[in-house]
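Participant: Residues 0 to 271 in numbering that gives the first Met the number 0 are what the sequence shown spells out, letter by letter.
Idealized CB from N, CA, C, for every residue including glycine.
Source: prediction; values computed, not measured.
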Amino acid sequence: MQHLPLPATAAEDEAVVKKLAKKAEWTAHEADWLTAYQTYRANGGSPFAVAAHDFGPGVGQRQYDLYDTRKRSGDLKRMRQKAGLKSCPVCGSPVTGDLDHYLPRDLYREFSIMRANLVPACRHCNSGVKGTTVHGGNPRRFIHPYFDTWAADALWYVEIVPPFKAATFQPRVLAGLAAPRDQIAAFHLENVLGTQFHLSMATEWSTLPGQIKLRDPVLSLQSVTDQIALELRVAIMSKGTNSWQAALMRGIQTAPAAIAHLRQEAVLAVLP
């Protein structure tokens, strides 16, 4: 969940189609293919405006297969290994190194190798967690890291649900997010965070008292509150504004009872 610059210009993406169209098997499809690319960009990849095009028998499968034959090419390899990413731009996990099709290629095969439709992501996001889901009814859709510039802003927090000894964790959209961004962000969170997110939150939560005890010799409510604020700043700098760690610290900040629990656990923590 972050904003990224487009990895290729319209001309660069279209040049790939034009080069393919020099081969007889693709020539007849060039105009419709380019029109599909132009519609995608004009509408920011919105599934409410971009419809899959039927290019005829067998063509869709060949378009689908193009990604498999090109995924280790220089352009896509550089996207997959994009330098400077602090966390997954799709879900906020601390892992990167894969590519995810914003509009799934199972349904939108003409965008299989369109770089504007390929987003650096973690393996979890590219392993089918979204499946063929593209929206939840207008305006509920996934955040597009290239076209939704507002994805650079803080969007969410993690609610820590008592009992704190066995807490559960619920992703929540930050209050005040303007419509329809609030619904888009809510749909995104509902559909990209899976089991690994909950396991990671449980680990972070259970180990946090020990970390606080190491860093805070006072262990008053105020000093622990200040420590959580510091942890949030560190998470933003090291992992990103909408990383899992930053969202967890935002959630703790909004819950005085959670801070009181962390303080009590820190006081009782036994350090090696």
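(1) Would you list, in sequence order, the uninterrupted alpha helix (DSSP H) runs of no fewer than 4 residues that lie entirely inside the segment 191-266?
(2) Taking its Cβ as the centre, do 16 or more other Cβ atoms sit within 10 Å of GLN80, making it buried, or is it exposed?
(3) Where does the unbroken beta strand (DSSP E) through TRP32 begin, and where does it stop?
(4) Would you give the residue range spanned by the alpha helix (DSSP H) that ARG114 belongs to?
(5) According to DSSP, is THR148 part of a helix, a strand, or is it coil?
(6) Using three-state DSSP, classify ASP74 as helix, strand or coil.
(7) Using a threshold of 8 Å, state whether the C-beta atoms of PRO170 and TRP155 are closer than that.
(8) So, under 8 Å CB-CB, THR131 and LEU106 are touching, yes? Tell me the CB distance rounded to an integer number of Å.
(9) Could you tell me whether the segment 88-102 touches the segment 194-211, using the rule of 3 or more Cβ pairs below 8 Å?
(10) In the DSSP assignment, the beta strand (DSSP E) including ASP99 goes from what residue to what residue?
(11) Identify, in the order they occur along the chain, each residue of the same chain with its Cβ nearer than 8 Å to the Cβ of MET78, setting aside the five sequence neighbours on each side.
(12) Under 8 Å Cβ to Cβ from CYS121, same chain only, skipping five residues before and after it: list those, please.
(13) In whole angstroms, what is the alpha-carbon distance linking LYS18 and LEU192?
Facilitator: Answer, in terms of the structure:
(1) 194-214, 220-238, 243-252
(2) exposed
(3) Not the beta strand (DSSP E): TRP32 falls in the alpha helix (DSSP H), residues 29-41.
(4) Careful: ARG114 lies outside any alpha helix (DSSP H) and carries neither H nor E.
(5) helix
(6) helix
(7) yes
(8) 6 Å
(9) yes
(10) 97-100
(11) PRO6, LEU98, ARG114, LEU117, PRO119
(12) CYS87, VAL89, CYS90, SER92, VAL94, THR95, GLY96, ASP97
(13) 38 Å
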